[in-house]
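In order, the protein sequences belong to chains A and D.
When the count follows our numbering, it moves up by one through the first sequence with no breaks and lands on 205 for the last residue.
When the count follows our numbering, it moves up by one through the second sequence with no breaks and lands on 1205 for the last residue.
All residues carry an ideal CB built from backbone N, CA and C; glycine is no exception.
Just below is one structure, and these are the notes that go with it.
There are 2 protein chains.
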Amino acid sequence: MRIITVSREFGSGGRELGKRLADALGYDYYDREVLTAIAVKCDISEDYAEYMLTHDFSSGYAITMRNSFHTPELMHPATKIMRVQTDIIREIAKKGRDFVIVGRNADLLLSGYKPFNIFVTADIQSKLKRCRERAAEGENISDKDMLSNIKAIDKSRSKNRAMISDLPWGDRRAYHLIVNTSDMDLKALVSPVAAYAEAWFGNNT
Amino acid sequence: MRIITVSREFGSGGRELGKRLADALGYDYYDREVLTAIAVKCDISEDYAEYMLTHDFSSGYAITMRNSFHTPELMHPATKIMRVQTDIIREIAKKGRDFVIVGRNADLLLSGYKPFNIFVTADIQSKLKRCRERAAEGENISDKDMLSNIKAIDKSRSKNRAMISDLPWGDRRAYHLIVNTSDMDLKALVSPVAAYAEAWFGNNT
């Protein structure tokens, strides 16, 4: 089984690249599907699941821990949702089918399967441009607000990862390939990145 | 004109990858050739030139600066050699021929030409293995000594770069592609990396 994980900065086009890679290689593709499964399993909305998974509860969590040292049933809901997410991602891998998965620290959660791990980066101009193109019509966000959104999301991804890995988010040691999509047409990158992944699997499976 | 610069951790195989890329794409290739040209121009040995370019003289340099504030002719020899290196690298670019250049902060020195910038990394086990294979027969260096060599060389590359760039050496924002060669046969990577470079040039020239 071949697994490609795609970690990415917000606005770098990592999600689109991941989807296109899956299409080009004929792999399954997972992204929002994981949230949907969490929502069903926990009987919550996808948005709430996403909020709980990306928000930083570390200070609140510490208090909960202190107050409930002997009452583990009082686990913070974010922790519970994170555990469900881990289960769901591992269930996907147990299917034994090749797949691409975007985000969710899947590179760490699935490390036992030796996935090929990509990180996608871009300069801030390209990210702003991509976010603008993606914004809903009529949506009126200033560059300044969009920039602070991008920074906040990346900061939360970085913090999230720090909880489960000693290598910082986006650190070159943690990935097999880091792709910079600044000024790039993503479609042009799909074939070389797919070829790179296949060369890597050829050496590592 | 298309320029590919290869920055790399010591032992990551970046030099071999650069040479193979040049061969695959039919580009000129520069590495030691730059040192040879410096040696000729400054009437010094290549080894001395390399030592002066990689050694950290920053503390000595500060003293020189202080003592010679009004006597710029007392420029530190390392600074002079660095300037000659910059001239030589820019002369190469002025030829107008496609080329690959390894190391020497060429990505920064040639930024006006919009080169495609690769960084090559690897885990420490792979680097040790590669250095061992490359070591002269009969050479008897312990893993510990080799490890401290690798660390010292990378530290000097990192310091060297810090003198001329605000982005740290190996920082993902400074490169277009970061390739991790751990456990990889470099030959298998040449074709996808060459294809990636061509896709990038297709978007950026």
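DSSP links residue 177 of chain A through a beta bridge to A:118 and D:1179.
Under the three-state reduction of DSSP output, residue 1027 of chain D falls in the coil class, being neither helix nor strand. Secondary structure of residue 1088 of chain D (DSSP, three-state): helix. Listed along the chain, the chain D residues whose CB falls inside 7 Å of the CB of residue 98 of chain A amount to none; the nearest CB is some 18 Å away.
Judged by DSSP secondary structure, residue 5 of chain A falls within the beta strand (DSSP E) whose first and last residues are 3 to 8. Here residue 1164 of chain D is exposed, its C-beta having fewer than 16 other C-beta atoms within 10 Å. Residues of chain A with a Cβ closer than 7 Å to the Cβ of residue 1013 of chain D do not exist, since the nearest Cβ in that chain sits about 13 Å away.
The C-alpha of residue 1121 of chain D lies about 13 Å from the C-alpha of residue 1151 of chain D. Residues of the stretch 1159 to 1173 of chain D with a C-beta less than 9 Å from any C-beta of chain A: 1170, 1171, 1172 and 1173, listed in chain order. Across the set D:1199, D:1198 and D:1191, the C-alpha of D:1191 shows the shortest separation from the C-alpha of residue 196 of chain A. Annotated three-state conformation of residue 1081 of chain D is helix, per DSSP. By the C-beta criterion, the stretch 1023 to 1036 of chain D is judged not to be in contact with the stretch 1125 to 1139 of chain D, since fewer than 3 inter-stretch pairs fall below 8 Å. One Cα belongs to residue 1019 of chain D, the other to residue 1025 of chain D, and the distance between them is close to 10 Å.
In its chain, beyond the 5 residues on either side, 167 have a beta carbon closer than 6 Å to the beta carbon of residue 174 of chain A. Taking a Cβ-Cβ cut-off of 8 Å, the neighbours of residue 1121 of chain D in chain A comprise 172 and 173, given in sequence order.
The beta carbon of residue 204 of chain A falls within 8 Å of a beta carbon belonging to chain D, placing the residue at that interface. By the rule that beta-carbons nearer than 8 Å mark a contact, residue 191 of chain A touches chain D.
Shown here, residue 101 of chain A sits in a strand according to DSSP, grouped into three states.
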